[in-house]
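For reference, the structure discussed in these notes is given below.
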Amino acid sequence: MSAAAAVEASSTPRKRFSGLRGVRWRVDLGILPSSPSASIDDLRRVTADTRRRYASLRRRLLIDRHPPKDGDASPDLTVDNPLSQNPDSNWGRFFRNAELRKMVDQDLTRLYPEHHGYFQTPLCQAMLRRILLLWCLQHPEYGYRQGMHELLAPIVYVLHVDLDHLLQVQKPYEDCFNDEFDGITLPENNLFSNYKVKRASDWDSGIETENTHHIMSDSRSLDEIDPDTRDILLLSDCYGAEGELGVILSKKFMEHDAYCMFDNLMDGAQGVVAMASFFSPVVGSSTNLPPVIEASSALYHLLSIVDPFLHAHLVELEVEPQYFALRWLRVLFGREFCLEDLLVIWDEMLSSSNCRLRGDDAEYNFRVLCSPRGAFVAGLAVSMLHYLRSSLLATETTTTCLQRLLNFPQNPDTKKLIEKAKSLQEVALVSNMLPSSSQRDSNKGQFRVSSGYSLPSGSASPVPPLNVLPDGYWEEKWRVLHKDEELGEQSNSDQGSAKKKLAEKLGLYRTKSEPLKVKGALNRSSIRQILFDDVSSDIGTVENHVTTECCEAPINSNNLNVGDFPVVLADQRTSNWIVDETLLSGDNSVVFSKSVCPHGIGNEHEIDSVKSSVTSNSFLSDNDEEAFNMEEPRSQNASNELALDAEATSSRVADAVPEQRATPNHWKSFAGTFQWFWKFGRGSNEASRESQSSSDARHANKDSFDTTTCDGTDNSSGVNKRIEVGDKKMMHALRNLGQSMLENIQVIETVFQQEKGKFDTLDNLSNNILGVKGQSTAIAALKELRKVSNLLQEM
Amino acid sequence: MVLVLAIGDLHIPHRAPDLPAKFKSMLVPGKIQHILCTGNLCIKEVHDYLKSLCPDLHIARGEYDEDARYPENKTLTIGQFKLGLCHGHQIIPWGDLDSLAMLQRQLDVDILVTGHTHQFKAYKHEAGVVINPGSATGAYSSITYDVNPSFVLMDIDGLRVVVYVYELIDGEVKVDKIDFKKTANTQSAH
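In structure tokens form, the structure reads like this:
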């Protein structure tokens, strides 16, 4: 399908033949001409040609394999005897075909047993078998692989449904198509222009079927039918162009049509996504990976952009994408959805063009993402992962995670999935085109979105298993947070140049990634918005976020990989904290950001500037990624803890530096940030927060976490009222947890501050390793955060 | 497209150690649906080997067979054809066509497979076919000089049988093919 046609198709409100899936798919696959000016006759001619090709192919390949009878030149018997080991011999081919046939039959008998009324009938099975055998014989390099039959089944089904539809449409007009004139008695009044045909039998039995017999037969009346029906009738008129061979919805030639559609789907029709390549182990030229593996990694790449947290989690569990993606991709999600849903999904997928968007010499990261169709497939896969997000994050072992993935729930909200997939499609396309500037950035120890699906190493380790997170809750928060950051950035330019520059760079990087990266990438925000909207229904993981933050903060001070929230962040954390809070006010997303903020990016340059507070706004933006990640685990912990152990934390807090934080208003504002999950723009709080955070930082000690928690509790109560979130209690607990996380983070921060001297340049961050002492402190803080997260989990 | 292997007179281990390597490489499991063995294997190991090629194995007793439980004659039906199996040392004179035809009428079969002479023969007479697959190992015989290893593969397809003869001549496998058609089913093999 040409790009223009694709555009045209997508822009027209009603596509041509939208009621006839079979025809629509044929247009999408490129078999039928897609230009709107193609007349019915053109369609018929093209159809007839394709059918002729198939018929000749069939004749050629399925002739009796028996050695030719007498009269033919006798083949060389040493080659052509049944026991011949020679692969060229007819008999060899015969045996190979017999093998193939056996494999195909094995699969066919298990095809869609729930629709056995259609698929398991001998006629249908014979047709499917022939189509598959012929395709495999035509493409010996692929052979028959399990799963091809599942790609063929919806195609055949769709053609069958079209026929049913046609029968429905034709019913009132059936007399027009009736060729049996023998039994007809003409009406006595000789009004031919309005002929009522009554069959002899009807006449005899006296059946008055007035309704069915009043149809016009002349072309004048034909114009009176609505255009769709007329199209359908013309499509199936036996006397149109190419006669019966051109009848587009034809039972007789269903096999031919199905073969063409299947062939186009498998070959990709010179497009990018060729399903056949997914079945072949042959490595692609540019990637040295089998195409399906590459596609799986593209999927993970997209996931890492969209949802790094889930990505990190999956990588940590060593869930390689191809474990589940193989099945998803090879049958285009045929095994995950019921047939009706699948048809809708395929509608959407096939309507995306398969043409390569840019020229052949343009760089790309993943071949499969070069076309809109491929991007849609990847987007749908990621949206499915996203749908399962909470349960996936809850799994703790590879097995359970895979179990969850391989048993996709029965009735997902398909529409939602598709919409999300469409939005992700754009992301995928964009991300694929940009040369990996992310690589550059990641070299700085930031978010490492690798083009492979392997995550950077350090991210995995200390992340505690997370509880069920509502989808995108934290993304929402993040987004809100980031929005604030942007606002904040504009207002504050203290941290100024260095950070900004870094931010810029990161922003670049960010533009490719999903919500996590704030830097005003418009598409980001739009995407985020979408995710946000999706998520807005999911409430209540505030605590998760908080916990996440807490947990993450102490992690990996040394490792500034994306997945990790380098503890180093702690340095900036304070400022980040503040900034986060600010952001939070602006953004619903990462309330926890108050605690988290230590985004890797921020860390780098932040270390020096840490306390600078306001400027931390810029950090926030940079740190968002990190913070986000951090936030999530932390929030979880936080929520857990909040739920169960608010008291405990409070008690711990008691030791801390109560006086520092004690000020209720301090905490209140702090707690207020929680609320700012939902609200926008509390710039005023920034200042207060900043000061507080600075003071906090100064006084930060290990116990400060506890204090924070304590105070947080106080604040939370005050804040409770303001919480719009449904679950106030959770909010409360969450806040407490958040507080404790903050504490922990601050502790870590302190540690880092101590080490601050070592951090000379931004670039050294990744190389900086906390001193042993600092590390132990950080680890202790980390433990605290973990506890918080556990609590949150239990919540 | 039923493939039936006719093989016999291997005389392993007494007169020959094993099948020729080229024959062995051709006989792979999975292609052949039935095996008709004329006898004189002589030991159980050969029986097992043939069984591994195809589970449907029919053996007639030869005079040197160590397993005494094989029958003297055997008949079976494959597709449209009735096949008969006998070793042939019971038919006097050995290898005489008329005597074999008598046995064929007696068993009432369309295709009679016998051995013992260690020489490939395929006769068509009246409404029947007599096939002698010879000796698959080329074991020496008291009545034949210059025994070439040989066996027969029949391809039964409806009313037509194609007989492929595999002979090892001067170290090379030579294949020959003979077509037989059966007349309508109602006629008995007289």
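Residue numbers (this note's numbering), protein chains in the order written: chain F, 245 to 1039; chain B, 59 to 248.
Yeah, the Cβ is synthetic: ideal placement off N, Cα and C, and Gly gets one too.
- Across the set F/Asn651, F/Tyr567, F/Asn508 and F/Ala672, the C-alpha of F/Asn508 shows the shortest separation from the C-alpha of threonine 294 of chain F.
- At a beta-carbon threshold of 8 Å, the residues of chain F lying near leucine 211 of chain B are Asn325, Pro326 and Leu327, ordered along the chain.
- For a cut-off of 8 Å, the C-beta gap from glycine 97 of chain B to histidine 145 of chain B is around 4 Å, short enough to register as a contact.
- In terms of Cβ geometry, leucine 68 of chain B and leucine 99 of chain B form a close pair [threshold 8 Å].
- Under a 10 Å Cβ-count criterion, serine 627 of chain F is classified as buried, with 16 or more other Cβ atoms of the shown protein chains found around its own Cβ.
- When the beta-carbon positions are compared, histidine 183 of chain B and valine 205 of chain B stay at least 8 Å from each other.
- Per DSSP, the unbroken beta strand (DSSP E) holding threonine 133 of chain B starts and ends at 131-136.
- Bounds of any alpha helix (DSSP H) do not take in valine 86 of chain B, whose DSSP letter is neither H nor E.
- For serine 480 of chain F, the closest C-alpha among the options F/Val563, F/Gly512, F/Gln412 and F/Thr365 is that of F/Gln412.
- Judged by their CB atoms, leucine 613 of chain F and alanine 672 of chain F are nearer to each other than the 8 Å cut-off.
- With respect to leucine 273 of chain F, isoleucine 492 of chain F sits apart: the two C-beta atoms are not nearer than 8 Å.
- Within chain F, no C-beta atom comes less than 7 Å from the C-beta of leucine 217 of chain B; the nearest is roughly 13 Å away.
- Annotation: isoleucine 992 of chain F to phenylalanine 553 of chain F spans about 22 Å, alpha carbon to alpha carbon.
- The alpha-carbon of valine 188 of chain B is positioned some 8 Å away from that of leucine 158 of chain B.
- With a 10 Å radius around the Cβ and a threshold of 16 neighbouring Cβ atoms, alanine 542 of chain F comes out buried.
- DSSP, read as helix, strand or coil, puts cysteine 95 of chain B in strand.
- Below the 9 Å Cβ cutoff, chain B contributes no neighbours of leucine 381 of chain F, its closest Cβ being approximately 18 Å away.
- Beta-bridge partners of arginine 268 of chain F (DSSP): none assigned.
- The C-beta of leucine 321 of chain F comes closer than 8 Å to at least one C-beta of chain B.
- Just measuring C-alpha positions, the residue of F/Thr641, F/Lys496, F/Phe363 and F/Asp657 sitting nearest leucine 624 of chain F is F/Asp657.
- Restricting attention to F/Ala397, F/Gln390 and F/Arg345, the CA atom closest to the CA of glutamate 358 of chain F is found in F/Ala397.
- The continuous beta strand (DSSP E) containing cysteine 144 of chain B extends over residues 139-144.
- Contacts with chain F at 8 Å (Cβ-Cβ) do not include leucine 141 of chain B.
- Residues Cys95 and Tyr128 of the same chain have their beta carbon placed closer than 6 Å to that of isoleucine 117 of chain B, with the five preceding and five following residues left out of the count.
- Looking only at B/Pro87, B/Met212 and B/Gly88, the smallest Cα-Cα distance to isoleucine 136 of chain B is reached by B/Met212.
- Restricting attention to beta strand (DSSP E) runs no shorter than 3 residues, the region 171-199 of chain B encloses them at 178-183 and 186-191, ordered along the chain.
- Of all residues in the region 330-356 of chain F, the ones placed with a Cβ closer than 8 Å to any Cβ belonging to chain B are Phe338 and Phe339, in chain order.
- In this model, leucine 583 of chain F and leucine 395 of chain F are separated by some 12 Å (Cα to Cα).
- Bridge pairing for cysteine 100 of chain B: B/Ile70 [DSSP].
- Residue contact check for lysine 182 of chain B against chain F: no CB pair falls below 8 Å.
- When beta bridges are read from the DSSP output, serine 208 of chain B appears opposite B/Glu225.
- Counting only Cβ-Cβ distances below 8 Å, lysine 89 of chain B has contacts in chain F at Pro326, Leu327 and Phe339, in chain order.
- In terms of beta-carbon proximity, lysine 239 of chain B stays away from the interface with chain F, with every pair separated by 8 Å or more.
- Burial is judged here by how many other beta carbons sit within 10 angstroms of a residue's own beta carbon; valine 231 of chain B has at least 16 and is buried.
- With its beta carbon less than 8 Å from one in chain F, valine 233 of chain B belongs to the interface.
- Buried is the label assigned to histidine 557 of chain F, since at least 16 other Cβ atoms lie within 10 Å of its Cβ.
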